[in-house]
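Asks:
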Amino acid sequence: MRIDETLKKPMAEAKYLNVDNTDRYRPIIRLFYLNYEKLKYWMYQEEVYEELKQDPYFSEYTPEQCQQDLTALAGWGNLITIQDTRKVSTIEEFKNKKFRYQLSEATVEIERMVIRVENLFIESSSLEPTLLERIRISLEKIIEVPDMEQERIYSWWNDLNNDFIRLNQNYQDYMRELNSVKAEEMMRTKEFLVFKDRLIEYLRSFVRSLQVNVSAIEQRLKETDRELIEEILRQVTEYELSIPRIDVEVDAEQIYDKVKGRFASLEEWFAGAQERESEAAKVFDSTNEIIRKITRYAARISEMSNSGSNRREEYYKIAVMFSKCRNQNEAHRLAATVFGMEKPLHLKGIAGRQTESINSGVFDEEPHMATVMPRVRTYKEKAQRTGIADHSKEKEELRLAAIRRMEEERKLLKSYIKDNRLAFAELPQIAPEVRDVFLTWLSKALENRNRRGKTEDGQIYYIENADTKEICLLKSPDGTLEMPAYTLRFEE
C-alpha cells in the first residue's frame, strides 16, 4: 500500500454529516441530491428555502439561516456556486451576488454512500449462483474480446467487473449475517427448525455452483495467454482515456494500474497467486462450515426437544412398575436393578458401622451426613448474619483507663521539671520510658532551627544551652547514656 498526500489530508466534504447544525445541513444536501437524480442540477436559495419550509420541522426557518447554511456548505466544498448574471439590470443587483448552487462530485458520492448505509437493514444480501455462471461465460469469451470494437470491449469489461464486485460483496455481507450474534441466538431456538432445511439447501446450491464454475474459471484463466490479457487491458485503458471529461485530469498510467489491479484481484479470487490458496477455496470451506454449524444446532435442538418426551415416558413406566411392588423389600430390589446396576456410586470416608452383622442393610443403619463443597475458586461460604453487639461500655472503660494512664505519665514527667527547667545533668536514675520521652522532646527541638518544640499536651519549650560543650551521664536501669548536658526551658 502506498500512502500519498490525498490519503493524509482531511476530507472537508464529509464534515456536514457530524457538526452542530447537521439537522439543517443534511436535509439541504438530500434536497440537492434528489433534484440531481431528476437531472435538475442548479438551484437558487429561494427554491431551497421554499422546499424546506414545507416540512413542519423547518417552520421557524428563516432566509438568513438558509443563506448561512448554503455558505457553510459551499465553504466545505459540498456545493459549487456560480453567480447568476442573466437577469441583472443594475449595478446594485450585481453587487447582491445572486448565486446558483450545485452539488459537487464528491458530495454526490458521499450522499450515495449515506443512502446505502441508511438502507443496510432493508436491502438484505444474498448468494447468487447466477453471478458465477455469468463470470464464467464472460471469461469463456476472452479469446474473442481483442477482435471486438473498443466500445464492446469496454462493455464486456464493465459487465465482468460488476458481476465480480456483486459476487464478492454479497457473499461477504451474507456470511457476516450468518456469523453474527443475532444469528447464533436464533439458531438455538426451536423456530429455527422451520426454515433450517431451506437455508441448508440454499447454501448447498451455492456450493454446487461454486464447485462447477470455479474450476472452469480457474482453467480458463490458466490457459489464457498473458499477452492477450495485456492487450485487453490496454484497449480498456485507451477507451477510458477517450471519454471526454470536464475539469478532470486523466492519467493513463493511473487508469492502467487500476484496470490491471482489478483483473489481478479477480484472478487471485478464483485461481490464487504465488502458491497461496484462492479466495474461492476459502469461500467453499467457510460455506461448508456454516452448513455443519447449522446442522449441529438443529441436531442439538431436536435432541433437547425429544429427550424430554422420552424421559417422561420412561419415568411413567418406572412409576407404574414401582406401584405394582407388593412390599418395601421388593421395591428396594427393583430400585437396585433400575438405578444401582448401570452406574454404581462409590462413597469414601464413611464412618465405621454400628454393627458387623452381615444381615443388616443400608436402611437399618444410621445415615451418614457429608457436606459437599463445590470445586471452584470463586466459591465462598456464606457468612452467618449476626446482630451488631453493643461494646460501648467496654470502649468507655478502655477510654477512661487510657486517660488515667496518660495522666499518671504526665505527672511523672512533670515531677522531673523544676522551675520550668529540665536539666539532663541533674536528672537522677529514670525509667527507660521516661528517658525515651525526654530524648524525643530533645530531638524535636534540635531538628528545629530556633531550637524550640512542643510536648504532646501542647506545652512549648526550647533548648536553653544549645551550644554547650559539657557532657553528662543519663542513667537508666537498662544502661547509661553519655550526652551533652542540655537544658530544656518550658514557657508558662
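Here the sequence shown stands for residues 90 to 581, numbered as in the numbering used here.
Think of the CB as a built atom: it goes at the ideal place given N, C-alpha and C, for glycine as much as any other residue.
#1: Out of Gly361, Val348, Ile477, Ser532, which has the shortest C-alpha to C-alpha gap to Asn247?
#2: How many angstroms separate the CA atom of Glu280 from the CA atom of Arg400?
#3: Return the chain-ordered list of same chain residues with a C-beta closer than 7 angstroms to the C-beta of Lys533, the five sequence neighbours on each side being excluded.
#4: Would you mind stating whether Arg205 and Met132 have Cβ atoms separated by less than 8 angstroms?
#5: Given 7 angstroms as the limit, tell me if Trp245 has its C-beta closer than that to any heavy atom belonging to the ligand GTP.
#6: Kindly indicate which residue of Ser565, Met572, Lys469, Arg466 has the alpha-carbon position closest to the one of Ala514.
#7: Arg189 bridges to which residues according to DSSP?
#8: Tell me the start and end of each unbroken beta strand (DSSP E) in the region 390–430 that is at least 3 residues and wholly inside, in chain order.
#9: Kindly indicate which three-state DSSP category Ile92 falls into: helix, strand or coil?
#10: Examine the Cβ distances between the region 517–524 and the region 500–509 and report whether three or more of them are shorter than 8 angstroms.
#11: Helix, strand or coil, according to DSSP, for Gly164 in the structure here?
#12: Pull up the DSSP beta-bridge partners for Ile306, would you.
#13: Between Gln258, Thr426, Tyr550, Trp530, which lies nearest to Asp508 when the distance is taken from Cα to Cα?
#14: How big is the Cα-Cα spacing for Leu330 and Ile344?
#15: Thinking just about the alpha-carbon of each residue, which of Leu355, Tyr105, Glu126, Pro517 is nearest to the one in Ile254?
#16: Glu217 CB to nearest chain B CB: under 8 angstroms?
#17: Can you name the residues that DSSP bridges to Tyr551?
#18: So, is Arg389 buried or exposed, given that buried needs 16 or more other C-beta atoms within 10 angstroms?
#19: Under DSSP, the beta strand (DSSP E) around Lys564 begins and ends at which residues?
#20: Determine the extent of the alpha helix (DSSP H) in which Ala491 is found, giving its start and end residues.
#21: Helix, strand or coil: how does DSSP classify Leu511 here?
#22: What is the C-beta distance between Leu128 and Arg115, in whole angstroms, given that I count them as a contact (C-beta under 8 angstroms)?
#23: Kindly indicate which residue of Glu402, Met275, Tyr138 has the alpha-carbon position closest to the one of Gln154.
#24: Could you say which of Val108, Glu290, Leu120 lies nearest to Asn377 if we only look at CA atoms?
#25: Can you give the beta carbon distance from Lys142 to Tyr130, rounded, assuming they're within the 8 angstroms contact cut?
#26: Would you please state the rounded distance, in angstroms, between the beta carbons of Asn250 and Arg351? I believe it to be under 8 angstroms.
#27: Exposed or buried, Phe428, counting other C-beta atoms within 10 Å across all chains shown (16 or more means buried)?
#28: I'd like to check one pair, Leu228 with Phe295: are the Cβ atoms closer than 8 angstroms?
#29: Out of Leu221, Arg334, Ala387, which one is the CA nearest neighbour of Ala305?
#30: Kindly indicate which three-state DSSP category Met572 falls into: helix, strand or coil?
#31: Using only alpha-carbon positions, find the residue among Asp556, Cys561, Leu516, Arg309 that is nearest to Phe359.
#32: Quick one, are the C-beta atoms of Ile60 and Arg293 less than 8 angstroms apart?
#33: Asn268: buried (16+ other C-beta within 10 angstroms of its C-beta) or exposed?
#34: Residues in the same chain with beta-carbon distance under 6 angstroms from Asp252, minus the five sequence neighbours each way, listed in chain order, please.
#35: Assuming contact is defined by CB atoms lying nearer than 8 angstroms, are Ile506 and Phe579 in contact in what I supplied?
#36: Output the distance between the C-alpha atoms of Leu288 and Ala163, rounded to the nearest integer angstrom.
Replies: A quick look at the data gives this:
#1: Ranking Gly361, Val348, Ile477, Ser532 by Cα distance to Asn247 puts Val348 first.
#2: Glu280 and Arg400 have their C-alpha atoms roughly 23 angstroms apart.
#3: The residues are Gly542.
#4: Pairing Arg205 with Met132 gives a Cβ-Cβ distance that is not under 8 angstroms.
#5: Annotation note on the ligand GTP: not contained in the displayed structure, which lists no ligands.
#6: Ala514 has its Cα closest to that of Met572, out of Ser565, Met572, Lys469, Arg466.
#7: Arg189 is bridged by DSSP to Tyr133, Ile171.
#8: Whole beta strand (DSSP E) segments, 3+ residues: zero.
#9: The three-state reading of DSSP puts Ile92 in coil, since its state is none of H, G, I, E or B.
#10: Enough Cβ pairs lie closer than 8 angstroms, so yes.
#11: When DSSP states are grouped into helix, strand and coil, Gly164 belongs to the helix group.
#12: Partner(s): none; Ile306 has no beta bridge.
#13: Nearest of Gln258, Thr426, Tyr550, Trp530 to Asp508, Cα basis: Tyr550.
#14: Between the C-alpha atoms of Leu330 and Ile344 there is a straight-line separation of about 8 angstroms.
#15: Comparing alpha-carbon positions, the option among Leu355, Tyr105, Glu126, Pro517 lying closest to Ile254 turns out to be Leu355.
#16: This model lacks chain B altogether, as it is built from one protein chain only.
#17: Under DSSP, Tyr551 shares a beta bridge with Arg541, Arg578.
#18: Taking all protein chains in view, the Cβ of Arg389 is surrounded by fewer than 16 other Cβ atoms within 10 Å, so the residue is classified as exposed.
#19: Where Lys564 is concerned, the enclosing beta strand (DSSP E) stretches over 560–565.
#20: Taken as a continuous stretch (DSSP letters only), the alpha helix (DSSP H) holding Ala491 covers 481–503.
#21: Note: Leu511 maps to strand in three-state DSSP.
#22: Leu128 to Arg115, Cβ: 22 angstroms. No contact.
#23: For Gln154, the closest C-alpha among the options Glu402, Met275, Tyr138 is that of Tyr138.
#24: Per the Cα distances, Glu290.
#25: Between Lys142 and Tyr130 a beta carbon distance of about 22 angstroms is seen, past the 8 angstroms cut, so the two are scored as non-contacting.
#26: The Cβ separation is near 6 angstroms, so the contact holds.
#27: When all chains shown are included, Phe428 counts as exposed.
#28: No, the pair does not count as a contact, with Cβ atoms beyond the cut-off.
#29: For the residues Leu221, Arg334, Ala387, the minimum Cα distance to Ala305 belongs to Leu221.
#30: Note: Met572 maps to strand in three-state DSSP.
#31: Nearest option by C-alpha distance: Arg309.
#32: Residue 60 lies beyond the residue range present for the chain, which begins at 90 and ends at 581; the question has no answer from this structure.
#33: By the 16-neighbour rule on beta-carbons within 10 angstroms, Asn268 is exposed.
#34: Cβ-Cβ distances below 6 angstroms link Asp252 to Leu220, Arg223, Ile224 in the same chain, with the five nearest sequence neighbours on each side left out; the list follows chain order.
#35: Contact flag set, yes.
#36: Those two C-alpha atoms are separated by around 50 angstroms.
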